[in-house]
Amino acid sequence: MSEIAVIKTGGKQYVVAPSKKIKVEKLPAEEGSDIEFSEVLLTENGKGIEIGAPLVKGAKVKGKILKQGKGKKVVIFKFKPKKRERVKTGHRQPYSEVEIISIESK
3 MSEIAVIKTG
13 GKQYVVAPSK
23 KIKVEKLPAE
33 EGSDIEFSEV
43 LLTENGKGIE
53 IGAPLVKGAK
63 VKGKILKQGK
73 GKKVVIFKFK
83 PKKRERVKTG
93 HRQPYSEVEI
103 ISIESK
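As structure tokens, then:
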């Protein structure tokens, strides 16, 4: 059975496993650098499941930042009827793509 963990970063929770690639909210690090997630909520290995209250003590997830990028554009269009008032804007959410290297738990 493979290892999995649930980590918290950027206000969201992600289920991760070694060699899995995930897109998370932009992290303040360079491409190619190693990163460590210490907010681990749950770990599972072949022996059993460990659930934190709220975090698992001594657990870490190590990863590598593959690239920094922007997501697809979301178009926002607002208008007021009968007033000829129209506003069209767009937004591209920045993200970091991370490859999980290892899951360490006690």
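With our numbering as the guide, the letters of the sequence shown map in order to residues 3 to 108.
The beta-carbon is built from N, C-alpha and C at its ideal position, and this holds for glycine as well.
query: Out of Thr91, Lys90, Ile67, point me to the one whose CA is closest to Lys28's CA.; result: Ile67
query: My parser needs the beta strand (DSSP E) runs of 3 or more residues fully inside the stretch 39–99; what are they?; result: 42–46, 51–53, 62–72, 76–82, 87–93
query: Within the continuous beta strand (DSSP E) that includes Lys25, where are the two ends?; result: 23–27
query: How about Ile102 and Pro30: are their beta carbons less than 9 Å apart?; result: no
query: Mapping the DSSP letters down to three states, classify Ala19 as helix, strand or coil.; result: coil
query: Mapping DSSP to helix, strand and coil, what is Ser104?; result: strand
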